[in-house]
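See structure below.
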Amino acid sequence: MKNRRRFLPKSIMGLAILGVWCGVFFFVLLFPEAADSAGENTFTRETLYYRVSVKGIPVGEQIFRVVGEATYEGHLVYCIQTELRSYPAISFLFRYREKGLLYLDKEGLFPRYSLREIEDQRRERKEETFFYPEKGEIIHRTTENGKKTEKTYASPEAFCLDNLSLVYYLRTRPWEKGEKTFFFLTVSGPVEVEYSYLGRERVETPLRRFITDKIDDPVSRITVWFSRDEKSYPVKIVVQNAGTIISLLVKIE
0 MKNRRRFLPK
10 SIMGLAILGV
20 WCGVFFFVLL
30 FPEAADSAGE
40 NTFTRETLYY
50 RVSVKGIPVG
60 EQIFRVVGEA
70 TYEGHLVYCI
80 QTELRSYPAI
90 SFLFRYREKG
100 LLYLDKEGLF
110 PRYSLREIED
120 QRRERKEETF
130 FYPEKGEIIH
140 RTTENGKKTE
150 KTYASPEAFC
160 LDNLSLVYYL
170 RTRPWEKGEK
180 TFFFLTVSGP
190 VEVEYSYLGR
200 ERVETPLRRF
210 ITDKIDDPVS
220 RITVWFSRDE
230 KSYPVKIVVQ
240 NAGTIISLLV
250 KIE
């Protein structure tokens, strides 16, 4: 029991890293017809539930929810909510909760705004990212313990993803269109990332067996298995950091 007590807090810290993926349906502006098709299939109302485990030990749950359409600063957007939280049963060891909000432009399917609200033990942090492609800039604002910091970056010519929009971008299956790179917002600004398509695999879940496409991002050390049906569900997400953290699809509503 003592060994488990030492292991769990360190491993559960990986929930914060997995939170980078809360949130993921977005596409390249160079293929508007394909993007429209992806939007029709992907942005229907849905809620995906995941079981999060570390070394086979369930530690929390993750939720991706497509709420519907909204208007943000005069633009029609898709509204997506995310949540990641540790189980109450392990709160005596560690407590983590993260809520996210993502607005994707309905026409171009690029992010216009994202929000992450994080409760990590007794610490609280709020992260907001404002995307202004018309102005050619991105603003990232962080508020922690009442202290606010803000950074402004120049937008790349192509769209730029953040941690809440990445999975949703990959759900549009850009590898089938020959797209092998994307721009990702880091603390140093937008960088171009090359991901890898690793072929097809069968994945067993409590829901059912899926035939999937396996995608790996070597920069963030995250691997995702997407179902090969028209919805391209992210069936399994693995994060290789602070131990191996697995998020497995268990329910669809």
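Position one of the sequence shown corresponds to residue 0 (numbering that gives the first Met the number 0), numbered consecutively onward.
No residue lacks a Cβ here, since even glycine has one placed at the ideal position from N, Cα and C.
> What three-state label does DSSP hand Lys-134 in the structure shown?
Replying inline: Taking the sequence shown and counting its residues from 1, the one referred to as residue 134 is at position 135. Coil, per DSSP.
>> Is the separation between the beta-carbon of Thr-46 and that of Phe-63 shorter than 9 Å?
In response: Here residue 46 corresponds to residue number 47 of the sequence shown, with the count starting at 1. Here residue 63 corresponds to residue number 64 of the sequence shown, with the count starting at 1. Less than 9 Å separates the beta-carbon of Thr-46 from that of Phe-63.
>> Given this structure, state the Cα-to-Cα distance separating Thr-128 from His-139, to the nearest angstrom.
In response: For this step, residue 128 is matched to residue 129 along the sequence shown. For this step, residue 139 is matched to residue 140 along the sequence shown. Looking at the two C-alpha atoms, the distance is approximately 4 Å.
> Taking DSSP as the reference, what is the three-state secondary structure of Pro-110?
Replying inline: In the sequence shown, residue 110 corresponds to position 111, counting from 1. In the structure shown, Pro-110 sits in a strand (DSSP, three-state: E or B).
>> Per DSSP, what are the beta-bridge partners of Trp-224 in this structure?
In response: Within the sequence shown, residue 224 is the residue found at index 225, counting from 1. Its beta-bridge partners are Lys-213 and Lys-235.
> Quick one: is Ser-195 buried, meaning 16 or more other Cβ sit within 10 Å of its Cβ, or exposed?
Replying inline: Start at 1 with the first residue of the sequence shown, and residue 195 comes out as number 196. Its Cβ having fewer than 16 others within 10 Å, Ser-195 is exposed.
> Ends of the beta strand (DSSP E) at Tyr-95?
Replying inline: Taking the sequence shown and counting its residues from 1, the one referred to as residue 95 is at position 96. 95-104 is the extent of the beta strand (DSSP E) around Tyr-95.
>> If distances are taken between C-alpha atoms only, which option among Lys-98, Ile-137, Thr-148 and Ile-245 comes closest to Val-202?
In response: Residue numbering aside, residue 202 sits at position 203 when the sequence shown is read from its first letter. The residue with the shortest Cα to Cα distance from Val-202 is Ile-245.
> Can you list, in chain order, the residues of its chain whose CB lies under 6 Å from that of Phe-158, leaving out five sequence neighbours each side?
Replying inline: Position 159 of the sequence shown holds residue 158. Around Phe-158: Phe-109.
> Can you give the Cα-Cα distance for Lys-54 and Glu-72, rounded to whole angstroms?
Replying inline: As a first step, residue 54 is located in the sequence shown; it is residue number 55 there, counting from the start. As a first step, residue 72 is located in the sequence shown; it is residue number 73 there, counting from the start. Straight-line Cα distance between these residues: approximately 44 Å.
> Which of helix, strand or coil does DSSP assign to Pro-309?
Replying inline: Because the chain spans 0 through 252 in this model, residue 309 falls outside it and cannot be assessed.
>> Cutting at 8 Å between CB atoms, please list the residues of its own chain near Pro-67, excluding the five before and the five after it.
In response: Here the question's residue 67 lines up with position 68 in the sequence shown. Checking the sequence shown, residue 67 turns out to be Gly, not Pro. Excluding sequence neighbours, Gly-67 sits near Arg-44, Tyr-77 and Cys-78.
> Relative to the C-alpha of Leu-114, which residue among Pro-173, Arg-172, Leu-100 and Gly-107 is closest?
Replying inline: Counting from one through the sequence shown, the residue named residue 114 turns up at place 115. The shortest Cα separation from Leu-114 among Pro-173, Arg-172, Leu-100 and Gly-107 belongs to Leu-100.
>> Using C-beta distances below 8 Å, list every residue in its chain close to Leu-206, excluding the 5 sequence neighbours before and after it, in chain order.
In response: Position 207 of the sequence shown, counted from the first residue, corresponds to residue 206. Contacts found: Leu-248, Val-249, Lys-250 and Ile-251.
> Buried or exposed: Val-186, going by 16 or more other Cβ atoms within 10 Å of its Cβ?
Replying inline: Here residue 186 corresponds to residue number 187 of the sequence shown, with the count starting at 1. Val-186 is exposed by the Cβ-count criterion.
> Straight-line CA distance for Ile-75 to Tyr-112?
Replying inline: Position 76 of the sequence shown holds residue 75. Position 113 of the sequence shown holds residue 112. A small fix is needed here, since residue 75 is Leu in this sequence, not Ile. Distance between the alpha carbons of Leu-75 and Tyr-112: 12 Å.
> What do you get for Gln-120, buried or exposed, if any count of 16 or more other CB atoms within 10 angstroms of its CB means buried?
Replying inline: Working through the sequence shown from its first residue, we reach residue 120 at position 121. Under this definition Gln-120 is an exposed residue.
>> Beta-carbon within less than 7 Å of Val-192's beta-carbon, same chain only, minus the 5 sequence neighbours each way: which residues are those?
In response: For this step, residue 192 is matched to residue 193 along the sequence shown. The residues are Thr-180, Phe-181, Phe-183, Asp-216 and Val-218.
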